[in-house]
Each structure stands twice: as structure tokens, then as C-alpha cells.
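Residue numbers (the numbering used here): 10 to 161. Each residue gets a CB set at the ideal place from its N, CA and C atoms; glycine is no exception. Remember, predicted model here, so these are calculated numbers, not experimental data. Step one of this worksheet: look at the structure below.
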């Protein structure tokens with residue numbers, strides 16, 4: 010599954026915001042997801058990040074899906090490859106940044122992780138792909154609002 014958006018900011022600003030979010034900034038992926046650096050840096054090979062998906066939004070109760078990603082490859086400012094290695098998702102995912110004309114950037118998330126453990130059962134009755142896309146696209150919209158406001 011691929012989710013993408015065009016952000017009204019240059020690629021270096023989008024990259025910095027992405028890495029900051031994975032370090033725990035809680036600026037634009039909330040209320041759906043929160044991140045905590047577990048070990049190393051999210052933009053360095055081997056860095057681990059704890060992810061919590063808040064199904065009803067952070068602080069609103071509801072089911073929390075927890076998993077850990079490990080960075081497997083980095084092209085600074087351009088590409089971040091991760092692997093979900095613990096928790097309710099397993100498998101790869103990639104973030105790509107593509108500079109566009111006018112100082113804008115296309116960001117995309119290529120999510121190919123799959124449910125693991127008890128989440129496999131839930132996946133039989135809930136369309137996790139649709140929910141993932143809704144949350145990711147909402148996060149990208151929030152990122153665009155934040156960075157385009159700074160740009161002005």
C-alpha cells in the first residue's frame with residue numbers, strides 16, 4: 010500500500026520533520042500515532058523506534074497497537090527504509106521524499122508490513138489497510154499545514 014501527499018515545503022524541511030516525529034516530537038502524526046526513540050537514531054541504520062497507534066486518538070482510550078521499527082537503510086533527505094521487528098506488525102516499510110518544482114515535496118509511505126499475533130485476528134474483521142491510509146494521509150495533511158505555515 011502506498012500513501013502519498015505533496016507538502017508545500019522543501020525536502021530538507023520534510024525530512025527534518027519526519028525524523029523529529031520519529032524521535033518523539035508529537036507535532037503532526039498525533040493523535041493517531043506516537044513515536045519514541047528506543048535505541049540509536051531513527052535516521053541511522055540500526056536505530057529503533059517504538060510506535061503506538063491510538064485507535065481512538067491519543068488520550069481518548071481505545072485500543073493501542075504497539076510495535077517497533079528498526080532502520081535498515083537511509084538516504085538522508087530522500088529515503089528511509091524500516092523493518093517492523095517486534096509487536097503487532099512485521100515487515101518492511103519505506104518513506105520516500107521527492108523534491109518538486111516550487112520548493113514542494115512529494116512524501117510517500119510504502120507500507121508492506123503485515124499484522125502479527127493477535128492483530129491477525131482483528132484484521133479478519135477490520136480493514137487495517139483503510140485505517141492505516143486514513144491515519145497516514147491525515148498525518149501528511151497535518152505536516153503540510155505545519156510546514157507551509159512556517160514557509161509563509
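query	result
Within its chain, find whatever has a CB closer than 7 Å to the CB of residue 99; leave out the 5 residues flanking it on each side and keep chain order.	93, 122, 123, 125
Classify residue 86: buried if its beta carbon has 16 or more other beta carbons within 10 angstroms, exposed otherwise.	buried
By the three-class DSSP mapping on this structure, what secondary structure does residue 18 have?	coil
With a threshold of 8 Å between beta carbons, is residue 40 in contact with chain D?	Protein chain content of the structure displayed is limited to a single chain, and chain D is not contained in it.
At 3 residues or longer, and completely inside the stretch 13-68: list those beta strand (DSSP E) runs for me, N to C.	42-48, 57-63
Taking 8 Å as the cut-off, decide whether the C-beta atoms of residue 74 and residue 97 are in contact.	yes
Does DSSP put residue 121 in a helix, in a strand, or in coil?	coil
Is there contact here, the stretch 130-148 with the stretch 107-117, by at least three beta-carbon pairs under 8 Å?	no
Going along the chain, which unbroken runs of the alpha helix (DSSP H) with 4 or more residues stay wholly within the stretch 102-152?	127-131
Between the C-alpha atoms of residue 54 and residue 79, what's the straight-line distance to the nearest angstrom?	8 Å
Leaving out five residues before and five after residue 10 in sequence, what residues of the same chain have Cβ atoms less than 6 Å from its Cβ?	120, 138
Using alpha carbons as the reference points, say which of 90, 60, 67 lies closest to residue 102.	90
Any idea which residues DSSP pairs residue 96 with across the strands?	76
Using 8 Å as the cut-off, can you tell me whether the stretch 104-115 makes contact with the stretch 47-62, which would need three or more C-beta pairs spanning the two stretches below that distance?	no
Helix, strand or coil for residue 87? Go by DSSP, reduced to three states.	coil
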